[in-house]
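Student: Handing you a structure now.
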Amino acid sequence: QENEILKTCGCYIDAPLSEKLAGIDRLSGKYSVHVLCRTLNVLRSTYYHYSLRSPELKQWEQEDLILRPIVLQIFEESKGRYGTRKLKAELEKRGYGVSLKRLRRYMKELNLKCKQSQLKYFSSSNRKYMYRRNKLKQRFLQTAPNLVWVSDVTYVRVAHNFYSICVIIDLFSRKVIAYEIAENNTSDLIIKTFEKAFSVRDKPDGLLFHSDQGAQYTAYKFRRFLRKLGVKQSFSYPGMPYDNAVAESFFASMKVEELSHHFYEEPEVFFQDVAEYVNFYNSKRLHQKLGYKTPDQIEEMYRNGEFELVSGEKEA
2 QENEILKTCG CYIDAPLSEK LAGIDRLSGK YSVHVLCRTL NVLRSTYYHY SLRSPELKQW
62 EQEDLILRPI VLQIFEESKG RYGTRKLKAE LEKRGYGVSL KRLRRYMKEL NLKCKQSQLK
122 YFSSSNRKYM YRRNKLKQRF LQTAPNLVWV SDVTYVRVAH NFYSICVIID LFSRKVIAYE
182 IAENNTSDLI IKTFEKAFSV RDKPDGLLFH SDQGAQYTAY KFRRFLRKLG VKQSFSYPGM
242 PYDNAVAESF FASMKVEELS HHFYEEPEVF FQDVAEYVNF YNSKRLHQKL GYKTPDQIEE
302 MYRNGEFELV SGEKEA
């Protein structure tokens with residue numbers, strides 16, 4: 002009987018008391034209350050108080066019943082990428098005011114854990130760098146689209162090979178306006194990505210393009226390509242990843258929230274996951290630096306004349 006009760010009651014011995022009492026209620030017509038209470042480790046007096054004299058649910062308990070499924074739905078929609086702060090922002094967008102303390106309790110009760118991983122960074126200390134001017138100087142807060150684009154490249158292992166991902170991001174909205182994937186990290190990959198971004202943005206004038214001093218960005222072929230388009234180039238100082246923090250941050254988020262949770266055997270699956278994440282990053286992911294809005298929302302607000310720049314904001 003105890004085995005049957007545990008299989009059919011819909012809860013476990015270590016479940017919250019409210020769940021066990023509800024389980025006993027459901028099975029009270031089939032089994033004796035004595036057996037049910039003994040199986041689920043509940044005092045009979047507690048159950049009788051609950052069934053005969055218990056008051057209605059308190060307000061916070063009623064709110065829990067409403068909010069828990071919504072929190073679970075938002076968390077699953079983000080594929081486990083949202084922590085308490087982004088969950089709070091998304092709930093506020095839907096009209097629910099919830100404290101971070103309560104959200105931490107929900108995540109513990111629902112056993113929700115935000116995706117995490119330890120990232121490894123590799124650098125070369127043997128390379129000799131030329132002096133190249135840093136025109137951006139960490140001014141990451143821009144007043145309009147197509148003033149400054151930043152770019153970076155990272156590597157991802159697929160089976161026994163490594164693929165390079167190049168992205169170009171508009172600093173104004175933090176939107177990934179173009180990306181390309183190739184087996185080789187060359188200036189051709191950068192040119193192909195830039196051509197795609199330049200076309201999507203209708204060939205803007207007065208553009209500043211910032212990157213690190215990787216060989217593909219400093220190659221004569223790429224620099225000549227930008228000069229012909231009238232695009233000015235800016236470079237991070239050697240050994241200063243903070244100079245290109247926005248692009249670095251994007252790859253860190255993508256690895257933590259998606260790529261580091263898979264070992265890719267087939268390139269097609271890898272390509273699909275990158276495309277899905279870029280779409281999520283642009284259209285659904287809430288950005289703390291954007292006031293918990295998405296890049297697409299920021300650009301839509303700018304087009305509608307609704308965007309207001311927060312003066313004096315310092316970003317990293």
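If you're matching positions, the sequence shown starts at 2 in the numbering used here and goes up one per residue. Glycine included, every Cβ here is placed at the ideal spot set by N, Cα and C.
Since Tyr243 and Gln139 should fall inside the 8 Å C-beta cutoff, what is the C-beta to C-beta distance between them, to a whole number of angstroms?
Tutor: Position 242 of the sequence shown, counted from the first residue, corresponds to residue 243. Position 138 of the sequence shown, counted from the first residue, corresponds to residue 139. Confirmed, about 7 Å.
Student: With burial defined as no fewer than 16 other Cβ atoms inside 10 Å of the residue's Cβ, what is the status of Pro296: buried or exposed?
Tutor: Along the sequence shown, one-based indexing puts residue 296 at 295. Per the 10 Å Cβ criterion, buried.
Student: Given a cut-off of 8 Å on the beta-carbon distance, is the pair Gln234 and Phe251 in contact?
Tutor: On the sequence shown, position 233 is the one that residue 234 refers to. On the sequence shown, position 250 is the one that residue 251 refers to. In this structure, Phe251 does not lie closer than 8 Å to Gln234 by Cβ.
Student: Start and end of the alpha helix (DSSP H) containing Thr40?
Tutor: In the sequence shown, the residue the question calls residue 40 occupies position 39. It spans Val34 to Leu41 - the alpha helix (DSSP H) in which Thr40 sits, taken as one unbroken run.
Student: By a C-beta neighbour count over all protein chains shown, 10 Å radius and 16 as the cutoff for buried, is Arg27 buried or exposed?
Tutor: Taking the first residue of the sequence shown as position 1, residue 27 is located at position 26. Arg27 should be labelled exposed.
Student: Pull up the DSSP beta-bridge partners for Glu181, would you.
Tutor: For this step, residue 181 is matched to residue 180 along the sequence shown. DSSP output for Glu181 lists Cys167 as bridge partner(s).
Student: Out of curiosity, what's the CA-to-CA distance linking Gly292 and Cys12?
Tutor: Taking the first residue of the sequence shown as 1, we reach residue 292 at position 291. Taking the first residue of the sequence shown as 1, we reach residue 12 at position 11. Taking the straight line from one Cα to the other gives about 40 Å.
Student: Given this structure, state the Cα-to-Cα distance separating Ala246 from Asp274, to the nearest angstrom.
Tutor: Taking the sequence shown and counting its residues from 1, one reaches residue 246 at position 245. Taking the sequence shown and counting its residues from 1, one reaches residue 274 at position 273. Approximately 23 Å between the Cα atoms of the pair.
Student: Within its chain, find whatever has a CB closer than 6 Å to the CB of Lys31; leave out the 5 residues flanking it on each side and keep chain order.
Tutor: If you number the sequence shown from 1, residue 31 lands on position 30. There are no such residues.
Student: Could you have a look at Thr194 and say whether DSSP puts it in helix, strand or coil?
Tutor: For this step, residue 194 is matched to residue 193 along the sequence shown. Three-state result, Thr194: helix.
Student: In chain order, what residues of the same chain lie with their CB nearer than 7 Å to the CB of Lys222, ignoring the 5 residues before and after it?
Tutor: Residue mapping note: residue 222 aligns to position 221 of the sequence shown, counting from 1. Taken in chain order, the residues that qualify are Ser188.
Student: Pull up the distance between the alpha-carbon of Glu301 and that of Arg133, whole angstroms please.
Tutor: Here residue 301 refers to the residue found at position 300 of the sequence shown. Here residue 133 refers to the residue found at position 132 of the sequence shown. Their backbone Cα atoms lie some 35 Å apart in a straight line.
Student: Spatial neighbours of Ala220 within its chain, please: CB distance less than 7 Å, with the 5 preceding and 5 following residues excluded, ordered by chain position.
Tutor: The residue labelled residue 220 in the question sits at position 219 within the sequence shown. Excluding positions up to five away in sequence, the list reads Ser188.
Student: Any idea if Ala179 is buried or exposed, counting beta-carbon neighbours within 10 angstroms, 16 or more meaning buried?
Tutor: Start at 1 with the first residue of the sequence shown, and residue 179 comes out as number 178. By the 10 Å Cβ count, Ala179 comes out buried.
Student: With distances taken between CB atoms, is the gap from Ile182 to Ile170 smaller than 8 Å?
Tutor: In the sequence shown, the residue the question calls residue 182 occupies position 181. In the sequence shown, the residue the question calls residue 170 occupies position 169. Result no, Cβ atoms of Ile182 and Ile170 do not sit closer than 8 Å.
Student: Nearest-angstrom Cα distance between Val99 and Leu66?
Tutor: By 1-based counting over the sequence shown, the position of residue 99 is 98. By 1-based counting over the sequence shown, the position of residue 66 is 65. Going from the Cα of Val99 to the Cα of Leu66 covers about 13 Å.
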